[in-house]
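J.:
Residue numbers (this note's numbering), protein chains in the order written: chain A, 6 to 222; chain B, 6 to 222.
(1) If contact means a Cβ-Cβ distance below 9 Å, which residues of the segment 34 to 67 of chain A contact chain B?
(2) Taking only beta-carbon positions, decide if residue 142 of chain B is within less than 8 Å of chain A.
(3) Considering just the uninterrupted stretch of the alpha helix (DSSP H) at residue 98 of chain B, what are its terminal residues?
(4) Whose C-beta lies closer than 6 Å to the C-beta of residue 108 of chain B among residues of the same chain, with five residues either side of it excluded?
(5) Scan the segment 131 to 160 of chain B for residues whose Cβ lies nearer than 7 Å to a Cβ of chain A and list them as they occur along the chain.
(6) Does the separation of the CB atoms of residue 192 of chain B and residue 162 of chain B fall below 8 Å?
(7) Got a sec: is the Cβ-Cβ distance from residue 106 of chain A to anything in chain B below 8 Å?
(8) Kindly list, in the order they appear in chain B, the residues whose Cβ is closer than 8 Å to that of residue 84 of chain A.
(9) I'd like to know whether the C-beta atoms of residue 144 of chain B and residue 56 of chain B end up nearer to each other than 8 Å.
(10) Under the DSSP definition of a beta bridge, which residues are partnered with residue 215 of chain B?
(11) Going straight from the alpha carbon of residue 37 of chain B to that of residue 37 of chain A, what length do you get?
(12) Flag residue 97 of chain B as yes if its beta-carbon sits less than 8 Å from any beta-carbon of chain A, otherwise no.
(13) Is residue 114 of chain B helix, strand or coil by DSSP?
(14) Residue 61 of chain B to residue 42 of chain A, Cα distance in whole Å?
(15) What does a CB cutoff of less than 6 Å around residue 75 of chain A pick up in its chain, not counting 5 residues either side in sequence?
(16) Name the two residues that bound the continuous beta strand (DSSP E) containing residue 64 of chain B.
(17) Between the alpha carbons of residue 34 of chain A and residue 63 of chain B, how many angstroms are there, rounded?
(18) Threshold first: 4 residues or longer. Then list the alpha helix (DSSP H) segments lying entirely within the segment 119 to 193 of chain B, N to C.
(19) Counting along the chain, where does the beta strand (DSSP E) carrying residue 79 of chain B start and finish?
(20) For residue 23 of chain A, collect the residues of the same chain with a Cβ closer than 7 Å to its Cβ; drop the 5 residues on either side in sequence, then sort them by chain order.
(21) Where do the N-terminal and C-terminal ends of the alpha helix (DSSP H) with residue 70 of chain B fall, by residue?
(22) Quick one: list the residues of chain A neighbouring residue 179 of chain B, beta-carbon separation under 8 Å, in chain order.
(23) Output the distance between the C-alpha atoms of residue 71 of chain A and residue 45 of chain B, rounded to the nearest integer angstrom.
(24) Could you check how far apart the C-beta atoms of residue 210 of chain A and residue 124 of chain B are, in whole angstroms? I think they sit under 8 Å.
(25) Going by Cα to Cα distance, which pick from B:39, B:73, B:68 and B:79 is closest to residue 58 of chain B?
(26) I need the straight-line Cα distance from residue 203 of chain A to residue 67 of chain B, nearest angstrom please.
(27) Quick check: is the beta carbon of residue 196 of chain B nearer than 8 Å to any beta carbon in chain A?
(28) If you draw a straight line from the C-alpha of residue 175 of chain B to the C-alpha of residue 29 of chain B, how long is it?
(29) Let me know the secondary structure DSSP gives residue 195 of chain A once reduced to three states.
(30) Within 10 Å of its beta-carbon, does residue 111 of chain A have 16 or more other beta-carbons around it, so buried, or fewer, so exposed?
(31) Let me know the secondary structure DSSP gives residue 84 of chain A once reduced to three states.
(32) Give, in chain order, every residue of the segment 199 to 220 of chain B whose Cβ lies closer than 7 Å to some Cβ of chain A.
(33) Which residues in the same chain have their Cβ closer than 6 Å to the Cβ of residue 89 of chain B, if we skip the five residues on either side of it in sequence?
(34) I'd like to know whether the C-beta atoms of residue 152 of chain B and residue 154 of chain A end up nearer to each other than 8 Å.
(35) If you draw a straight line from the C-alpha of residue 27 of chain A to the C-alpha of residue 160 of chain B, how long is it?
(36) Counting only beta-carbon separations shorter than 8 Å, does residue 165 of chain B have a partner in chain C?
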């Protein structure tokens, strides 16, 4: 594989000198992003439905294509449902699902067009075209749904929760297990709760800087 | 098309009674989500690079699969680059790109694996497998890249900017125009700046509620 590696001095925690100040306080910036960490081990405390609801009530206002709002949430709570989900996770994620106080399957509703009359009355002719075009519907649902997953992770943290997102699973297996009747497609599986007292996170990984990722033309 | 429509009483601005309180203040919740609006017409004021940098410096800490951090940003500033981009936008978005003070093409780097030695030293064997598997790389880059677009939109607002995301464009055309040499794939095009004094936004669209989108098993 190619061995190109970014300059390590570019990858530390220092903020670039010419970054403008944020419009939010340091405490919020830390809570939502800078000090928030992916959690692998959770405390046993139950995660109240109201906290997830508060997160969704916040982030549902984030923009989506045509205001389609295709993100759907399957909250996996019972031991039976947990076992059904765990069977489709990669081996390294299976015990995490079984141990987490709450696991959410974030999904995209490929039948989102049924709601466009309410959500996007200005685009109702597009909605009719979507009705006969499963491919376009799936593409839009997944694109906007994943952007909404980004909002959701931020929103769960804004509601005081911690998340452990997991991409390692058999998506087709999960969709067959849970979504044959409603046209949802899994986008990401997230464990949710409060961190365990010990060994909740890995050491902090580095990140690419603005200089690494941005180009101007 | 199917005419199923959610109950309008479920779609108003009222917060469900049993939502838990947020861990962030109302001012921040309003700035990032609740009162933030998609902007279609921008003021002429230049958007300083430092504000975009501040947004990225914040949101780079958001989680991605394997810590791959695949989001890349093309800032389109010159009139010549603006015209090249506008040529690939759908007709309704063309004038918006030409008029915006700054347009960002958010993209996924399908060659993200070159950085995994630094970003994810624990996953270096996976990195080697990715080197020979363009399909898996593209899937992961687009999945995590879109989630990062959700963080980015939130982060631009946290930096005091407003956004007008546009999904209507010829993605292959943009990729050929700008990304033949670096393996990036366009994910979303965003106009960025401050709202124009008049007619900056459409009337607020409704949103699906938690009850509409969440199921528990």
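Even glycine gets a Cβ: it sits at the ideal position worked out from N, Cα and C. Given the structure is predicted, the values throughout are model-derived calculations rather than measurements.
T.: Walking through what the data contain:
(1) Legend: CB atoms of the segment 34 to 67 of chain A lying less than 9 Å from CB atoms of chain B belong to residues 34, 36, 37, 38, 39, 40, 41, 42, 43, 53, 54, 55, 56, 57, 58, 59, 60, 61, 62, 63, 64, 65, 66 and 67.
(2) In the second chain, counting from the first residue as 1, residue 142 of chain B sits at position 137. At a cut-off of 8 Å between beta-carbon atoms, residue 142 of chain B makes no contact with chain A.
(3) Stepping through the second chain from its first residue, residue 98 of chain B is reached at position 93. Run containing residue 98 of chain B: 96 to 104, per the alpha helix (DSSP H) assignment.
(4) Taking the first residue of the second chain as position 1, residue 108 of chain B is located at position 103. These residues qualify, in order along the chain: 81, 102 and 196.
(5) Here the close residues are 132, 133, 136, 148, 151, 152, 153, 154, 155, 156, 158 and 159.
(6) To locate residue 192 of chain B, count along the second chain from 1; it is residue 187. To locate residue 162 of chain B, count along the second chain from 1; it is residue 157. In this structure, residue 162 of chain B does not lie closer than 8 Å to residue 192 of chain B by Cβ.
(7) Within the first chain, the letter at position 101 stands for residue 106 of chain A. No, its Cβ sits nowhere closer than 8 Å to a Cβ of chain B.
(8) Numbered from its first residue, the first chain carries residue 84 of chain A at position 79. Chain order gives no chain B residues near residue 84 of chain A, where near means a beta carbon separation below 8 Å; the closest approach is about 11 Å.
(9) Walking along the second chain from the start, residue 144 of chain B turns up at place 139. Walking along the second chain from the start, residue 56 of chain B turns up at place 51. In this structure, residue 56 of chain B does not lie closer than 8 Å to residue 144 of chain B by Cβ.
(10) Along the second chain, one-based indexing puts residue 215 of chain B at 210. Paired residue(s): none; residue 215 of chain B is not in a bridge.
(11) Position 32 of the second chain, counted from the start, is the residue given in the question as residue 37 of chain B. Position 32 of the first chain, counted from the start, is the residue given in the question as residue 37 of chain A. Going from the Cα of residue 37 of chain B to the Cα of residue 37 of chain A covers about 11 Å.
(12) On the second chain, residue 97 of chain B is found 92 positions in, with the first residue counted as 1. Taking Cβ atoms only, chain A never reaches closer than 8 Å to residue 97 of chain B, which makes this a no.
(13) The residue labelled residue 114 of chain B in the question sits at position 109 within the second chain. Here residue 114 of chain B carries a strand assignment [DSSP, helix/strand/coil].
(14) Counting from one through the second chain, the residue named residue 61 of chain B turns up at place 56. Counting from one through the first chain, the residue named residue 42 of chain A turns up at place 37. In a straight line, the C-alpha of residue 61 of chain B is about 17 Å away from that of residue 42 of chain A.
(15) One-based indexing of the first chain puts residue 75 of chain A at position 70. Counting only residues of its own chain and dropping the five nearest sequence neighbours on each side, residue 75 of chain A has a CB closer than 6 Å to the CB of 113, 114, 117, 146, 149 and 150.
(16) Residue mapping note: residue 64 of chain B aligns to position 59 of the second chain, counting from 1. Note, residue 64 of chain B: premise wrong, no beta strand (DSSP E); alpha helix (DSSP H) at 54 to 64.
(17) Here residue 34 of chain A refers to the residue found at position 29 when the first chain is read from its first residue. Here residue 63 of chain B refers to the residue found at position 58 when the second chain is read from its first residue. Rounded to the nearest angstrom, the two C-alpha atoms are 7 Å apart.
(18) As for any alpha helix (DSSP H) of minimum length 4 sitting wholly inside the segment 119 to 193 of chain B, the runs are 121 to 124, 129 to 136, 139 to 163 and 176 to 183, ordered along the chain.
(19) For the purposes of this step, residue 79 of chain B is taken as residue 74 along the second chain, with counting starting at 1. Boundaries of the beta strand (DSSP E) harbouring residue 79 of chain B: 76 to 81, taken from the DSSP string.
(20) In the first chain, counting from the first residue as 1, residue 23 of chain A sits at position 18. Nothing listed; no residue qualifies.
(21) Sequence index remark: in the second chain, residue 70 of chain B carries index 65 (1-based). In the DSSP assignment, residue 70 of chain B falls outside any alpha helix (DSSP H), carrying neither H nor E.
(22) What you label residue 179 of chain B is simply residue 174 of the second chain in a count that begins at 1. Close to residue 179 of chain B, with beta-carbon spacing below 8 Å, lies no residue of chain A; the smallest spacing is near 12 Å.
(23) For this step, residue 71 of chain A is matched to residue 66 along the first chain. For this step, residue 45 of chain B is matched to residue 40 along the second chain. Answer to the nearest angstrom: the Cα atoms are 13 Å apart.
(24) In the first chain, residue 210 of chain A corresponds to position 205, counting from 1. In the second chain, residue 124 of chain B corresponds to position 119, counting from 1. In this structure, residue 210 of chain A and residue 124 of chain B form a Cβ contact; the two beta carbons are roughly 6 Å apart against a cut-off of 8 Å.
(25) Reading the second chain from its first residue, position 53 is the one you call residue 58 of chain B. Checked all of B:39, B:73, B:68 and B:79; the closest Cα to residue 58 of chain B is B:79.
(26) Mapped onto the first chain, residue 203 of chain A falls at position 198. Mapped onto the second chain, residue 67 of chain B falls at position 62. Distance from the CA of residue 203 of chain A to the CA of residue 67 of chain B, rounded to the nearest whole angstrom, comes to 22 Å.
(27) Taking the second chain and counting its residues from 1, the one referred to as residue 196 of chain B is at position 191. No, residue 196 of chain B does not count as interfacial toward chain A.
(28) Stepping through the second chain from its first residue, residue 175 of chain B is reached at position 170. Stepping through the second chain from its first residue, residue 29 of chain B is reached at position 24. It is roughly 39 Å from the alpha-carbon of residue 175 of chain B to the alpha-carbon of residue 29 of chain B.
(29) For the purposes of this step, residue 195 of chain A is taken as residue 190 along the first chain, with counting starting at 1. Annotated three-state conformation of residue 195 of chain A is strand, per DSSP.
(30) Walking along the first chain from the start, residue 111 of chain A turns up at place 106. Under this definition residue 111 of chain A is a buried residue.
(31) Sequence index remark: in the first chain, residue 84 of chain A carries index 79 (1-based). Helix.
(32) Listed in chain order, the positions of the segment 199 to 220 of chain B with a beta carbon within less than 7 Å of a beta carbon of chain A are 210, 211, 212, 213, 215, 218, 219 and 220.
(33) Your numbering for residue 89 of chain B matches position 84 in the second chain. Hits under 6 Å: 182.
(34) Here the question's residue 152 of chain B lines up with position 147 in the second chain. Here the question's residue 154 of chain A lines up with position 149 in the first chain. Result yes, Cβ atoms of residue 152 of chain B and residue 154 of chain A sit closer than 8 Å.
(35) Here residue 27 of chain A refers to the residue found at position 22 of the first chain. Here residue 160 of chain B refers to the residue found at position 155 of the second chain. The straight-line gap from Cα to Cα measures roughly 9 Å.
(36) Looking for chain C here will not work: the only protein chains present are A and B.
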